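Colleague: Provided herewith is a single structure, encoded as structure tokens, for subsequent inquiry.
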Amino acid sequence: MVGIVSYGAYIPKFRIDRKIIYQAMGWFDGGTYQPGEKAVANFDEDSISMAVNSTYDCLTDIDSKDMDALFFATTTAPYKERLNSEIIATACDLRNDIRSADYSNSVKAGTTALLAAIDSVKAGSAKNVVVAAADCRVAKPGSSQEEFFGDSAASLVIGEDNIIANLVGSHSVSYDFPDCWKSSTDKYHRQWEDRFIRTEAYSKFILEAISGLVKKTGLDINSVSKVAFPCLYPGDFKKIGKMLGLGLEKLQDPMIANVGYTGASNSLMLLTAALEDAKPGDKIIVASFGSGSDALLFEVTEEIEKIKGNRRGIKKHLAAKKALTNYEKMLAFRDILPVEKGIRGETAGTFTSFSTVWRERNLVMALYGSKCQACGTPQIPAQRICVNPDCGAIDQMEPYKFAGRKATIFTYTGDNLAYTPSPPAIYCIADFEGGGRYWFDITDADLDAVEVGMEIEPTFRRKYKDDKLGMHIYFWKMQPIMQ
Amino acid sequence: MPKEYTHQNLDEVIYSISGHYAIDKETSIMFNGKRLMYVIGNAKIDASCCGEGGCRYALIPGYILAWKETLNDKGEFITKVEPVKDKASRKEIFNILQKKEIITQIEFW
Amino acid sequence: MSKGIRDKVAIIGMGCTKFGEHWDKGAEDLLVESYVEAIADAGIEKKDIQAVWYGSCNDEYSFGKSAIALSQTLKLPFIPVTRVENMCATGSEAIRGAAYSIAAGVHDVCLAIGVEKLKDTGFGGLGEVAANSGLKGKLILPSYSGPGGFALLATKYFAKYGLSAEKGKEVLAMVSAKSHANGCLNPKAHLRKHITVEMVMKAPMIAWPLGLFDCCGVSDGSAAAIVCRADLAKNFRDDPVLIKAMQIAASSGEELMYQGSWDGSYVMTGAHCAKKTYEEAGIKNPREEIDMMEVHDCFSITELVTYEDLQISARGKAPDDVKDGFYNLDGKIPCQPDGGLKCFGHPIGASGLRMMYEMYKQLQGKADKRQLKDPKIGLTHNMGGVPYQNVVSINILGL
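First to last, the protein sequences are chains U, G and Z. Numbering follows this note's numbering, in which position 278 of the first sequence is assigned residue number 278; successive positions increment by one, without gaps. Numbering follows this note's numbering, in which position 9 of the second sequence is assigned residue number 9; successive positions increment by one, without gaps. Numbering follows this note's numbering, in which position 385 of the third sequence is assigned residue number 385; successive positions increment by one, without gaps.
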């Protein structure tokens, strides 16, 4: 058998009330208003960083070294050349004798990657495959998409042991339907008129894929507990359900009102939400949309009880939110509004060295330090000579991973002078549980909520973007522990 | 413990080696049945050894006990104030001023 | 058994430019000015100088990282010139190199000179610290600034000794006000303005609890010293100043990377360095034996904590000494008689030598309006870095 072994999710903490966007841009196009709020990635987040954090959630109690492949699905890959999935695999501390691949260019890519993972396991070329989907799409100010698009990530492990949901079957349809597109140089999403997309594609493809699946598997649609698929148009969303013979209660909440339409990660996010509420025996259909549709049917097993409650998943991320009350801040975070960095910001500093990134990949990507085998002191960055003043042993270190370890704040400050896209810069000296101390940026926190002794944890972020050299550089920051 | 606030000429620029500031408004609001004094300042940090920045800020000396009660030897007025100490009031004042004034920083005496 | 440097080396001449925003002067101009004053003061000629130690920190802004710029500027005749850099203690490091060479018996007369030209960058302050901390540092260091680093020290100090935010800020304001009062008397200072505690308390925060007046500024400037063998010093002048101790300590990494004994409320290097300095100078009771000092007041909290690291104020008692006026110009141990970094700004390569310039002039009784009564022993303290990773240089000069 092949199926889902684990799930995890990541939703950025910032939520912006769509009223704020409408108040700022409604003068331009009064027809954009949508109710609710959407999730907005912080300035230090992108599809890679969100995928890493959701994969850590997914691998909470699973050894990353047991994974044989990592597939990444997104339409907003930071790099066009340099394997985005392998950046994620390195940050998630996977082995090197694995396969990694990017699935892209359609918001359907999430289920495409999922099907590819299933096929790899079925074919026997991998025992466990991570599928990570994330998107962080940028829409032009004043467009409906600006309010509609949200940012998120979801990750699954596909394997053959400890399955929480068995794959029953799948059915795919593919069409070169030009509903939306980006050329190789476009920053913003473009799309044809909504009426065309609604009538010619949205209301047809999902239906066709699910109907094909039902037929193929001989499924009694009434036995299905949840059907999860993206909601591009609320009226047609319900209509698709109706035509399938499904009541509203069988449709998975598409989370438009609290997260937004999250592109390539949407289907896997909805599937994860469905799994969180599922009980053994439940049948769940997930379908995607974009250049066609993939539909998959899963049947939940007893194993699901074992992982329930020990993932952050969708629910905890939905609860851990912070209001973004400033429209311009959202624009500045996505480089839509250029802010003055000053001559200091523009000219100061050395260049980024990729050979250094490569040599230091264990530290930079997976937050490895070392542990002294003589005295047991963990230390970061990894040292050749032990930092414990009473030890000082030379070259008796073993690798020691700090990612996933809690820490407490030894001391901190909020700094109004240091350059950051979101002042003040908050940083601290962090004492790790079990030993080890270093200083880190603190992200996703309000200065007045930070205090000495507070518990924090590492989170993977984009440290900076080197626009001159086209580099996206990642490292770990600290965030208040998510309850 | 009461403190003394020395009134300075509004818009008079006070220089430090790392930057400068000026108080451009002296005002008060009623809060908890008492009159609370605050001033609004503008600061520019343009020559600190460690960076650049600036802010428009509110400084809250405290509840007014005696407005411009005395003069100091330079002929400047002095107001006696009671600084706001309790956290709950500070938080509430913070919220009020953040809505009422265009500022990025609030400091209590 | 080595006996250290005590009484082996004398300073026979010093020079120091006016510090400030010298839009009309380059690093070359500043170097020539301090050099000319120093050799004139020593009564020597260029040919008497056998070797040079040249300190500059951010030399990429002035004329490149090498000693040649200096030898060409001063037209030095094919003699050894060494460029040194040790963060904000660069100026002190320059004279340490020169003095050690003389103590080692290699040279008889050397020049130590430091400069920093910071006002050509197009921005206030130094460059991005994290971005200039090497190619690995750029990848992992947080976005930080000096005030933020020292704010960490302030909050720990306040917490440890139960100082309320209000009381703490007031003590820091008094530290600043005292230095500004002294700086007003000094024609070479960058900022010569009286400030009141009230003015400090009305200024905004830069990195809580450090406000506008707690932070020093950037300046351009240069300072220089001629050092020679102590036994030859009287050949040059009647009132040479002797080096009694010259120590520097650098962080081991313990503060930042090890959960050890350090509680964050003081500077470990400062405490270690002070102990060694007093041993070298033969000082048993610094509070009684030291007459005056110039310390690294990049931030007011640095000065406050330094009083204790130097064992002059007892731990936690520096605020009491500040309130008692112990460190004022008319106090028991005047600190920053020249106005300190608060009034001079901080041209990094020059600051350590600028501190010594004041001690040197005071010991010779040539400090004009700031002249203290008959000082015999002066101390300089020059720190580079942030409280949890830094270098601290402490030096003692005497007659």
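Note that the Cβ used here is the ideal one computed from N, Cα and C, for glycine as well. Treat the numbers as computed from the prediction; the structure is a model and nothing was measured.
1) Are any of the Cβ atoms in chain B nearer than 8 Å to that of Gly282 (chain Z)?
2) Going along chain G, which residues have a C-beta under 7 Å from Phe123 (chain Z)?
3) Taking just the CA atoms, how far does Gly376 (chain U) sit from Gly218 (chain U)?
4) Mind checking whether Tyr419 (chain U) and Gly313 (chain U) have CB atoms under 8 Å apart?
5) Taking Cys273 (chain Z) as part of the alpha helix (DSSP H), name the residues at either end of that continuous run.
6) By Cβ distance below 7 Å, which residues in the same chain neighbour Asp46 (chain G) in space, the five residues on each side in sequence not counted?
7) Which two residues bound the contiguous alpha helix (DSSP H) that contains Asp194 (chain U)?
8) Rounded to whole angstroms, what is the Cα-Cα separation between Cys428 (chain U) and Phe440 (chain U)?
9) Strictly under 8 Å for the Cβ-Cβ distance: is Arg344 (chain U) near chain G by that measure?
10) Taking any Cβ of chain U, which residues in the segment 236-266 of chain Z have a Cβ under 7 Å from it, in chain order?
11) Please report the straight-line C-alpha distance between Val224 (chain U) and Ala287 (chain U), rounded to a whole angstrom.
12) Count the CB pairs spanning the segment 216-230 of chain Z and the segment 159-166 of chain Z that are closer than 8 Å, and state whether there are at least three.
13) Run through the DSSP bridge pairs and tell me what Lys3 (chain G) is partnered with.
14) Quick one: is Asn416 (chain U) near chain G, going by C-beta distance under 8 Å?
15) Around the Cβ of Gln483 (chain U), are there at least 16 other Cβ atoms within 10 angstroms (buried) or fewer (exposed)?
16) Mind the definition here: the segment 260-273 of chain Z touches the segment 228-237 of chain Z only if three or more C-beta pairs lie below 8 Å; say whether that holds.
17) Whole angstroms is fine: what's the gap from Ile240 (chain U)'s alpha carbon to Met330 (chain U)'s?
18) My parser needs the beta strand (DSSP E) runs of 3 or more residues fully inside the segment 9-38 of chain Z; what are they?
19) So the alpha helix (DSSP H) Lys216 (chain U) belongs to, where does it begin and stop?
20) Count Cβ pairs between the segment 176-196 of chain Z and the segment 342-352 of chain Z that sit closer than 8 Å; are there 3 or more?
21) Take the Cβ of Ala116 (chain U) as the centre, count every other Cβ of all protein chains shown within 10 Å, and call the residue buried at 16 or more, exposed below.
22) For Pro399 (chain U), which beta-bridge partners are listed by DSSP?
23) Enumerate in chain order the residues of its own chain whose CB-to-CB distance from Leu248 (chain U) is below 7 Å, with the five nearest sequence positions on each side excluded.
24) Please check if any C-beta of chain U sits within less than 8 Å of the C-beta of Pro142 (chain Z).
25) Are the C-beta of Trp181 (chain U) and some C-beta of chain Z separated by less than 8 Å?
26) Going by C-alpha distance, which of U:Ala366, U:Leu296, U:Ala139 and U:Arg311 is nearest Trp181 (chain U)?
27) Ile106 (chain G) lies in the beta strand (DSSP E); which residues open and close that run?
28) According to DSSP, simplified to helix, strand and coil, what is Gly253 (chain Z)?
29) For the 8 Å Cβ check, are there 3 or more pairs between the segment 316-328 of chain U and the segment 17-32 of chain U?
30) Just reading off the beta strand (DSSP E) that Lys95 (chain G) is part of, what are its end residues?
31) Taking 7 Å as the cut-off, is the CB of Ala403 (chain U) close to at least one heavy atom of the ligand ATP?
32) Can you find the residues in the same chain that come closer than 6 Å, C-beta to C-beta, to Ser133 (chain Z), ignoring five residues on each side of it along the sequence?
33) Any idea what DSSP makes of Pro234 (chain U), helix, strand or coil?
34) Would a C-beta distance cut-off of 8 Å place Ile95 (chain Z) and Ala112 (chain Z) closer than the cut-off?
35) Mind checking Asp151 (chain U): buried by the 16 CB within 10 Å criterion, or exposed?
36) Measure the CB-CB distance between Gln379 (chain U) and Gly436 (chain U) and report whether it falls below 8 Å.
Modeller: Looking at the coordinates:
1) Among the protein chains in the structure shown, which are U, G and Z, there is no chain B.
2) Glu52
3) 59 Å
4) no
5) Met268 to Ala281
6) Gly19 and Glu52
7) Asp194 to Ile197
8) 6 Å
9) yes
10) Ser252, Gly253, Glu254, Leu256, Met257, Tyr258, Gln259, Gly260 and Gly264
11) 14 Å
12) no
13) G:Val81
14) yes
15) exposed
16) no
17) 34 Å
18) 9-16
19) Ser203 to Thr217
20) yes
21) buried
22) U:Ser370
23) Lys238 and Gly241
24) yes
25) no
26) U:Ala139
27) Gln105 to Phe108
28) coil
29) yes
30) The question names Lys, but residue 95 (chain G) is Asn in the sequence shown. Segment Lys87 to Lys100 is the alpha helix (DSSP H) holding Asn95 (chain G); no beta strand (DSSP E) there.
31) For the structure depicted, the ligand ATP is absent and the ligand set is empty, with no information on it obtainable.
32) Leu141
33) helix
34) yes
35) buried
36) yes
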